[in-house]
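Some notes on the structure that comes next.
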Amino acid sequence: MRAVVQRVKNASVVVEGHVVAEFEGQGLVVLLGVAVDDGHAEAAAVASKIAHLRILEAEKSAVTAQAPVIVVSNFTLYGDVRKGRRPSWSKAARPEAAVDLYEEVAATLRGFGLEVGTGVFGAEMEVNLTNDGPVTLIIDSAELAL
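Quick look at the structure:
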């Protein structure tokens, strides 16, 4: 599982002209990709890391600051561009498997007491944000102690 975590000043997600998630003030936007071999352990580890990263003002985490989070599915995080000009998506989980783990990450973040908005899984989305810092980190479950 891969997550691109951005500290932002505000964010929104728009699908077909409708705002499906938004917040004002400091929070996190997470682009989340699920790999073919990911499971519950990866979802739990990534969600916990996101919730407890001390990257907000005064070195607070989302949990300690009670900061909002928006999680957006993004299978392109597993695009392999080593060969040719067209990315390969072979490492990205199939949608029917990925959606459950994506929802599990969002639910786990809510379990930490966070306000969590989401995009619409599999939809074309407009993700609008004002990056703060900029602070952008990549979390890869393959590099975490599970």
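Using this note's numbering, read the sequence shown as starting at 903 and increasing by one per residue. All C-beta atoms, glycine included, are put in the ideal place defined by N, C-alpha and C. Values in this document were obtained by computation on a predicted structure and should not be read as measured data.
- Your pair V917 and V1018 does not check out as a contact, with CB atoms roughly 17 Å apart and the cut at 8 Å.
- Each of F925, G941, G919 and Q968 was checked against the Cα of A1000, and the nearest Cα belongs to G941.
- Residue pairing from DSSP places T1038 in a beta bridge opposite Q908.
- In the assembly as shown, L930 is a buried residue. Its beta-carbon has 16 or more other beta-carbons within 10 Å.
- Shown here for N976: same chain residues with a beta carbon closer than 8 Å to its own, the five before and five after excluded, namely V906, L933, L934 and G935 in chain order.
- Closest by C-alpha distance to G1024, out of V1037, K911 and V973, is V973.
- Fully contained in the segment 978–1028 are the following beta strand (DSSP E) runs of length 3 or more, in chain order: 1018–1020.
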